[in-house]
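Enquirer:
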Amino acid sequence: MDKLNNIRVFCRIVELGTFVAVAREINVSAMMVSKYIAQLEESLGVALLNRTTRRISLTEAGESYYARSKPLLEELAELDEDISELGKNVKGILKVTAPIDFGGIYVVPAIEAYQNQHPNVKIMMSLQNSHINLSEGIYDVSIVVSNSVDLGVVARKIAETKLCTYASPAYIAKYGEPRDIDELNQHLCLHYIDTPHEDFWVFNVAGEEKKLRTTWHFASNNGRALCQAASLGMGITQAPELSVANYLEQGRLIEILQDYRIPALSIYATYMQRRFIPAKITTFVNFLSHFFDKGEFNP
1 MDKLNNIRVF CRIVELGTFV AVAREINVSA MMVSKYIAQL EESLGVALLN RTTRRISLTE
61 AGESYYARSK PLLEELAELD EDISELGKNV KGILKVTAPI DFGGIYVVPA IEAYQNQHPN
121 VKIMMSLQNS HINLSEGIYD VSIVVSNSVD LGVVARKIAE TKLCTYASPA YIAKYGEPRD
181 IDELNQHLCL HYIDTPHEDF WVFNVAGEEK KLRTTWHFAS NNGRALCQAA SLGMGITQAP
241 ELSVANYLEQ GRLIEILQDY RIPALSIYAT YMQRRFIPAK ITTFVNFLSH FFDKGEFNP
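Residue 115 in this note's numbering sits at position 115 of the sequence shown, with consecutive numbering throughout.
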């Protein structure tokens, strides 16, 4: 007796409603389907189905058995798919979300390199700075810039960046350079919308993190727009160094308030913890770790 086959047949009877429909689907006789169910019931010692001339219904034991066996069959099918991928090309659609700046500047080249190795994986990337709840099932992988992650989430550190405060030489020449964070209230501030820090700027004061709500003069959810504004002398901005690397190299922005800089922020590739992880997720996260470890990210 192939018990696993009999369980599959039982579940399909529940879903299709008749022995004939299942027999047609698996290309055997209705009598053979009936034999599979009889074998299963005999092995369990209970009746799973009520059979009448008009309809088939589940017994109480049958309801419980279907409710618990169906998820097991689905997990087994997923396991088979994942393992089979190890011996052939990884494929599928991978849905990724990343912060606007890091995703647009650094993740796109990583995706290009990954797809050179795995051309059968299609990647859909959404760029946003707001918090993503992976348990909702919309995304497979979420890249976050933070020092904390949600419960039930696997986090693989792929890089890190500094969170610093910047102004242009022209702004400092016109308004002066703040020497203390309390002086920021006297300056024009450029605010980054939808970050984990919300309406606050974050500083290190005597070894402790301090949040400061600034009065912003210009706000955007795009770090490149804020860097451009800051480089034009529109105000002071606080942003991850990954967003301002080019501006620093060109001398269009300089770091200020360095004594108040918080420890570096980690950049994680995260995904939901589950029993079986699809190969498209594990290969992508592993690739990101090696890609950035080789110096592809060095703001």
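Every residue, glycine too, gets a C-beta built ideally from N, C-alpha and C.
Using DSSP with H/G/I as helix, E/B as strand and the rest coil, what is L190?
Expert: One-based indexing of the sequence shown puts residue 190 at position 190. Reduced to three states, the DSSP call for L190 is strand.
Enquirer: Determine the DSSP secondary structure at P71, reduced to helix, strand or coil.
Expert: Numbered from 1 along the sequence shown, position 71 holds the residue referred to as residue 71. P71 falls in the helix class under three-state DSSP.
Enquirer: Say whether the segment 197-214 touches the segment 269-276, bearing in mind that this needs 3 or more beta-carbon pairs closer than 8 Å, one atom from each stretch.
Expert: In short, these stretches do not touch, since the Cβ pair count stays below three.
Enquirer: Going by beta carbon distance, what residues of the same chain come within less than 6 Å of V154, once the five residues before and after it are set aside?
Expert: Mapped onto the sequence shown, residue 154 falls at position 154. Cβ within range, chain order: Y271, Q273.
Enquirer: With distance defined between alpha-carbon atoms, name the residue in L127, G152, V121 nearest to E136.
Expert: Stepping through the sequence shown from its first residue, residue 136 is reached at position 136. Of the listed residues, the one whose Cα sits closest to E136 is G152.
Enquirer: Of all the options A245, E177, L257, A167, which has the alpha carbon lying nearest to the alpha carbon of G233?
Expert: The residue given as residue 233 occupies position 233 in the sequence shown. Cα-wise, what sits closest to G233 is A167.
Enquirer: Indicate the three-state DSSP secondary structure (helix, strand or coil) for N147 in the structure shown.
Expert: Numbered from its first residue, the sequence shown carries residue 147 at position 147. Residue state, collapsed to three classes: coil.
Enquirer: From the DSSP output, in three-state form, read off T97 for me.
Expert: To locate residue 97, count along the sequence shown from 1; it is residue 97. Correct three-state label for T97: strand.
Enquirer: Buried or exposed for V20, please, with buried defined as at least 16 other CB atoms from any protein chain shown within 10 angstroms of its CB.
Expert: Locating residue 20 in the sequence shown gives position 20, counting from the first residue. V20 comes out exposed.
Enquirer: Specify the secondary structure class of K91 as computed by DSSP and reduced to three states.
Expert: For this step, residue 91 is matched to residue 91 along the sequence shown. Here K91 sits in coil by DSSP.
Enquirer: List, from N- to C-terminal side, the beta strand (DSSP E) runs of 3 residues or more that fit wholly inside the segment 95-177.
Expert: Listed in chain order, they are 121-127, 141-146, 153-161, 163-167.
Enquirer: Apart from the five residues just before and just after I132, which ones in its own chain have a Cβ nearer than 7 Å to its Cβ?
Expert: Sequence index remark: in the sequence shown, residue 132 carries index 132 (1-based). Within the same chain, I132 has close Cβ partners T97, Y139, S142.
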